[in-house]
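One structure below.
Residue numbers (the numbering used here): 478 to 635.
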């Protein structure tokens, strides 16, 4: 059984509160531990089973590609569409990224506009900026037109 959903409080990036049920669910306990390590700065990638059964085939392909974007790097919506063999699908990629049920574990915050600007984020731009800064990127601020430094990395994701 894999992790099906990750959620955070409104503007809070702190760790979810432990419940008594965590010990009864080893995958949940591992997910919480790995998220804690990520937010403390000691983890750059996740090693967890993910349950994407609620996603379409197109979304699953995108989410799989997102897990291949390295910590501290970004890729554009258009480049992601190109890598998936559908160069005209940048908007569809953006919609799928915005529907990601596993933020952070499937790092949709690493997808930005082709001009190197922030773009959107379903969890709010403040959260996207904080996640990118946690990964060592400089971001001008929480506006869709804010620039990210270093510029967008052209990644061959295959």
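Don't be surprised by glycine CBs; every beta carbon is placed ideally from N, CA and C.
Give a yes or no on whether the C-beta atoms belonging to residue i and residue j are separated by under 8 Å.
i: residue 595; j: residue 616; result: yes
i: residue 591; j: residue 613; result: no
i: residue 548; j: residue 522; result: yes
i: residue 509; j: residue 479; result: no
By how many angstroms is the C-alpha of residue j removed from the C-alpha of residue i?
i: residue 601; j: residue 485; result: 11 Å
i: residue 513; j: residue 529; result: 22 Å
i: residue 606; j: residue 619; result: 6 Å
i: residue 516; j: residue 507; result: 14 Å
i: residue 535; j: residue 576; result: 12 Å
Identify the residues that DSSP records as bridge partners of residue i: which are they?
i: residue 580; result: 583
Output needed for residue i: all residues of its chain with C-beta closer than 6 Å, excluding positions within five of it in sequence on either side, in chain order.
i: residue 622; result: 594
i: residue 587; result: 546, 551
In terms of residues, what are the limits of the alpha helix (DSSP H) holding residue i?
i: residue 556; result: 554–560
i: residue 529; result: Unbroken run through residue 529: none, as it is neither H nor E.
Quick one: does the C-beta of residue i sit closer than 7 Å to a heavy atom of the ligand ATP?
i: residue 483; result: In the structure on display, the ligand ATP does not appear, and there are no ligands present to speak of.
With a threshold of 8 Å on Cβ separation, who are the neighbours of residue i within its own chain once the five nearest residues in sequence on each side are excluded?
i: residue 542; result: 557, 560, 561, 634
Apart from the five residues just before and just after residue i, which ones in its own chain have a Cβ nearer than 7 Å to its Cβ?
i: residue 570; result: 539, 554, 557, 558
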